[in-house]
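Only one structure is covered here, and it is reproduced in the block below.
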Amino acid sequence: MSHPVSSQPLKGDEHGHFRVHIVGNSGTELAHVLGVPFISLDTIHWLPGWKERSKDEFQARVAEALAEADSKGGWVVDGNYHKRLDGALDVAATDIVWLDPPFALYFPRLLWRTILRLFGRGSQCSPGCEEEWHRVFLSWDDSIIWWCITNHPVVQSRMKKAMSEDDPRVGGPGKFIRLGGWSGEQDVWMREVKAMNRLKKD
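In case it helps, the working numbering puts the sequence shown at residues 1481 to 1682.
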């Protein structure tokens, strides 16, 4: 676990509100623990039938969702749309949590979730977006499997660069935390978040 700023698992703002961007996995559990709205970027980005919203509309809808959630005390957002949002989430977030398990752990889990969706047993990425065999295994442009393989090193490179620039020792805001390993770090961190939240409520 690496966190360049605080011994606390989350930084938050001066009012004790948390605006958290999760990169790498679902943020539903964290949103539940913090008692703030959860926003899935996939759900906003994808229209039924795997139709993409335009960049302008996507940015506008995300901004609207964030503003509404802000009025309720904060938010947890998951999804990796850095370029499509022009980095806006990095600016708006108080905390950026990078879930970075080994590829050997991450990829089989993604593959299994995708197979379950193909048989109608897993939740859809977005309403009306059903997985299809040809899309998953035969389309270079649309396959989540191929995207995972080709983009994993790209995301790794971008996130490592962003973390180095975020380091307060070089003048960064200190928003990032990276959780690597084989789930152990993430489990410990979540327990720390729950403990922090209990103290906050007392």
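Beta carbons are placed, not taken as given, at the ideal position from N, Cα and C, and that holds for glycine. Remember, it's a predicted structure, so these values are computed and weren't measured experimentally.
Asked	Found
First and last residue of the uninterrupted alpha helix (DSSP H) at Arg-1638	1624 to 1646
Collapsed DSSP secondary structure at Phe-1617 in the structure displayed	helix
Coarse secondary structure for Asp-1575, derived from DSSP in three states	strand
Reference Val-1577, options Gly-1559, Trp-1662, Pro-1633 and Asp-1621, closest by Cα	Gly-1559
Contacting residues, own chain, Cβ-Cβ under 7 angstroms from Glu-1645 (five flanking each side not counted)	Gly-1652
Distance between Asp-1647 and Pro-1484 (C-alpha atoms, nearest Å)	The predicted model places Pro-1484 with a pLDDT of 47, which falls under 50 and marks its position as unreliable; any figure quoted below should be read in that light. Cα-Cα distance, rounded: 6 angstroms.
Presumed contact (8 angstroms Cβ cut-off) between Ala-1573 and Arg-1499, rounded CB distance	5 angstroms
Expected contact under 8 angstroms - CB spacing of Gly-1496 and Lys-1680 to nearest Å	7 angstroms
Coarse secondary structure for His-1497, derived from DSSP in three states	coil
Stretch-stretch touch, CB-based, cutoff 8 angstroms, three pairs: the region 1553 to 1572 with the region 1516 to 1528	yes
Unbroken beta strand (DSSP E) run spanning Phe-1599, endpoints	It is not in any beta strand (DSSP E) - Phe-1599 carries neither H nor E in the DSSP assignment.
Alpha carbon of Val-1516 to alpha carbon of Glu-1544, nearest angstrom	16 angstroms
Buried/exposed call for Gly-1507, threshold 16 Cβ in 10 Å	buried
Own chain residues within Cβ distance below 7 angstroms of Ser-1520, not counting five before or after	Asp-1558 and Gly-1559
Glu-1544 (DSSP reduced to helix, strand or coil)	helix
Under 8 angstroms between C-beta atoms of Met-1727 and Val-1503	Absent from the model: residue 1727. The displayed extent of the chain is 1481 to 1682, so no value can be given.
Span separating the alpha-carbon of Trp-1613 from that of Met-1676	44 angstroms
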